[in-house]
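S.K.:
Right under this line is the structure:
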């Protein structure tokens, strides 16, 4: 029986190694999604359709990583049967990977619309988009950093920042409406910009989802707070 | 030791009961989401803002059910430590509940925008929305039915139907653009309708996600097929 502690230690070490691998995969996913978003914004700013096409193509790598995470989670649950904090760790990984996968989709959609946009004359309101992307990208970076450090306070700070992104989005939405009303030729490109801005606003929502998961991971209870209304444009009448 | 089989049977029965409860919760969630979508569409068709307000309010019930599902999944994983098909069942429940929760959000968003829309004069293209909602609602109902019966073939059929919804969405998108170009006063209400149509198109995407989960549940391998491009409007140039 003298080997039992060693074997037990071995199991624990191996479990920790698997969890660390999961965290690495998610960190890699998050970095890729952040890069995709920044490149999509650059593609708009520089009217660079080749760059946009690379972003559309690059989404596959994020999808493949999410597939790896799901596979590893299934394997880890089946073989290790974790409980309590360990179980929350594994399920948070699954959820956070799903959020990052969606963020990648949104970045790819911004890039796809950038290609269509670049076939029209330049539009002044397009200049507001990179800033929106920068704010959303900052939220993503900081919430993933909070996740790596299991820092619920930092996660909550990111969660609160979403209101700034919503304010920027609403301002851009109103700006786009005035451009559309000014000249009917602006309508199609502005419609693309509306959806691009909305995609970035949604990236902020997914960053707040990740923040909620970090909070639950640490505290084993949900982050309950009066949720900001998010997109205020849905109630605009004129 | 004679009690072992009885205890074992008891554990199995109790596990099955917990899984059945999970399935019931998800079925209830799906029914609610389907009703919410139908009511949101009716609120548009009848220009009924009271009904729309009830849909916005009603989303809380779906969110609460998703919370119950997440809680039950965590408990089931910790206490029962399922493997193989049982584990896939539990994780599918978690994912499908998340998809239904999003579908509920989209239905509530359609309702929220219906309230804004009803403050403007009636718009002819609004008449296309209920049909879009009907197609998406049909996909949701059928994929949940496939889920209850663990029927991967039926799930795959629903998955294929998403292309019809995308076609309807693209037609409505184009119709809305022409209305916006015709009269600048149409721009704000048509913008709401653009997002409402997009919300319903996204409900179809979530129904296909559920279909993919049912397929994986049954076959333990992902549904791999050339994915339909979905929203074709992102490449529209004029």
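Chains as they are written, first to last, in the numbering used here: chain U, -10 to 227; chain W, -10 to 227. Note that beta-carbon positions come from the ideal geometry of N, C-alpha and C, so glycine has one too.
I need the straight-line Cα distance from residue 125 of chain W to residue 161 of chain W, nearest angstrom please.
M.R.: Each residue's Cα considered, the two are about 14 Å apart.
S.K.: Assign residue 119 of chain W to one of three DSSP states: helix, strand, or coil.
M.R.: Helix.
S.K.: For the alpha helix (DSSP H) holding residue 221 of chain U, just list the boundary residues, first then last.
M.R.: From DSSP, residue 221 of chain U is part of no alpha helix (DSSP H); its letter is neither H nor E.
S.K.: Going straight from the alpha carbon of residue 177 of chain W to that of residue 3 of chain W, what length do you get?
M.R.: If you take the alpha carbons of residue 177 of chain W and residue 3 of chain W, they lie about 55 Å apart.
S.K.: Measure the C-alpha to C-alpha separation of residue 166 of chain U and residue 130 of chain W and round it to an integer number of angstroms.
M.R.: When rounded, the distance between both Cα atoms is 36 Å.
S.K.: Would you tell me roughly how many angstroms separate the C-alpha atoms of residue 314 of chain W and residue 48 of chain W, rounded to the nearest one?
M.R.: The shown model of chain W, from -10 to 227, leaves out residue 314 of chain W, and the question about it has no answer.
S.K.: Which of the three DSSP states, helix, strand or coil, is assigned to residue 25 of chain W?
M.R.: Helix, per DSSP.
S.K.: Could you tell me if residue 142 of chain W is buried or exposed, where buried requires 16 or more neighbouring beta carbons within 10 angstroms of its beta carbon?
M.R.: Exposed is the call here.
S.K.: Is there at least one Cβ from chain U nearer than 7 Å to residue 197 of chain W's Cβ?
M.R.: No - not a single Cβ of chain U is within 7 Å of the one on residue 197 of chain W.
S.K.: Examine chain W for any beta-carbon lying closer than 7 Å to the beta-carbon of residue 32 of chain U, and answer yes or no.
M.R.: No, its Cβ sits nowhere closer than 7 Å to a Cβ of chain W.
S.K.: What residues in the stretch 130 to 155 of chain U bring their beta carbon closer than 8 Å to a beta carbon of chain W?
M.R.: Listed by position along the chain: nothing, the set is empty.
S.K.: Going by DSSP in three states, residue 139 of chain U sits in which element: helix, strand or coil?
M.R.: Note: residue 139 of chain U maps to coil in three-state DSSP.
S.K.: Mind the definition here: the stretch 60 to 76 of chain W touches the stretch 17 to 31 of chain W only if three or more C-beta pairs lie below 8 Å; say whether that holds.
M.R.: No, the stretch 60 to 76 of chain W does not touch the stretch 17 to 31 of chain W.
S.K.: Would the beta-carbon of residue 38 of chain U fall within 7 Å of that of residue 107 of chain U?
M.R.: Going by C-beta atoms, residue 38 of chain U is nearer than 7 Å to residue 107 of chain U.
S.K.: Could you tell me if residue 209 of chain W is buried or exposed, where buried requires 16 or more neighbouring beta carbons within 10 angstroms of its beta carbon?
M.R.: The residue is exposed, with fewer than 16 neighbouring Cβ atoms inside 10 Å.
S.K.: Cα-Cα, which of W/23, W/145, W/149, W/187 is closest to residue 204 of chain W?
M.R.: Taking only the C-alpha atoms, the option nearest residue 204 of chain W is W/145.
S.K.: Using only CA atoms, which one of W/57, W/174, W/42 lies nearest to residue 86 of chain W?
M.R.: Selected option, being the one with the closest Cα: W/57.
S.K.: Nearest-angstrom Cα distance between residue 192 of chain U and residue 36 of chain U?
M.R.: When rounded, the distance between both Cα atoms is 22 Å.
S.K.: Could you check what DSSP says for residue 114 of chain U in three-state terms: helix, strand or coil?
M.R.: Correct three-state label for residue 114 of chain U: helix.
S.K.: Determine, using beta carbons only, whether residue 103 of chain U and residue 11 of chain U come nearer to each other than 7 Å.
M.R.: The answer is no: Cβ separation not under 7 Å.
S.K.: Starting from residue 72 of chain W, trace the alpha helix (DSSP H) in both directions and tell me its first and last residue.
M.R.: Segment: none, residue 72 of chain W is in no alpha helix (DSSP H) and carries neither H nor E.
S.K.: Using a Cβ-Cβ distance cut-off of 7 Å, determine whether residue 70 of chain W contacts chain U.
M.R.: So yes, residue 70 of chain W belongs to the interface.
S.K.: Just the Cα atoms here: how many angstroms apart are residue 221 of chain U and residue 115 of chain W?
M.R.: The alpha-carbon atoms of residue 221 of chain U and residue 115 of chain W are separated by roughly 21 Å.
S.K.: My understanding is that residue 84 of chain W touches residue 202 of chain W, with C-beta atoms under 8 Å, so please give their C-beta distance in whole angstroms.
M.R.: Right, the Cβ-Cβ distance comes to about 5 Å (below 8 Å), so this counts as a contact.
S.K.: Using the rule of at least 16 other Cβ atoms within 10 Å of the residue's Cβ for burial, across every protein chain shown, is residue 6 of chain U buried or exposed?
M.R.: Per the 10 Å Cβ criterion, exposed.
S.K.: I want to see whether chain U comes within less than 7 Å of residue 54 of chain W, judged by CB atoms only; does it?
M.R.: Closer than 7 Å: no.
S.K.: Per DSSP, what kind of secondary structure is residue 37 of chain W in: helix, strand or coil?
M.R.: Note: residue 37 of chain W maps to coil in three-state DSSP.
S.K.: Do you know offhand how far residue 50 of chain U's Cα is from residue 134 of chain U's?
M.R.: About 21 Å.
S.K.: Do residue 121 of chain W and residue 189 of chain W have their C-beta atoms within less than 7 Å of each other?
M.R.: For residue 121 of chain W and residue 189 of chain W, yes; Cβs fall inside 7 Å.
S.K.: From the beta carbon of residue 100 of chain W, is the nearest beta carbon of chain U less than 7 Å away?
M.R.: Chain U contact via Cβ: absent.
S.K.: Let me confirm a value: residue -6 of chain W is counted as buried when at least 16 other C-beta atoms fall within 10 Å, else exposed. Which label applies?
M.R.: Note that residue -6 of chain W has pLDDT 48, beneath the 50 cutoff, so the model's placement of it is unreliable and the number below is only indicative. Exposed: under 16 other Cβ atoms inside 10 Å.
S.K.: Looking only at its chain, what residues have a beta carbon closer than 7 Å to the beta carbon of residue 181 of chain U, apart from the 5 residues adjacent to it on each side?
M.R.: Here the set comprises 102, 105, 106.
S.K.: Taking residue 66 of chain W as the query, report the chain U residues whose CB atoms sit under 9 Å from its CB, ordered along the chain.
M.R.: By Cβ distance, chain U contributes 66, 70, 71, 72, 76, 79, 80.
S.K.: Between W/59, W/22, W/61, which lies nearest to residue 45 of chain W when the distance is taken from Cα to Cα?
M.R.: Here the closest residue by C-alpha is W/22.
S.K.: Rounded to the nearest angstrom, what separates residue 132 of chain U and residue 79 of chain U at their Cα positions?
M.R.: Between residue 132 of chain U and residue 79 of chain U, the C-alpha separation is close to 17 Å.
S.K.: My output table needs one value for residue 20 of chain W: the three-state DSSP class, helix, strand or coil.
M.R.: Three-state result, residue 20 of chain W: helix.
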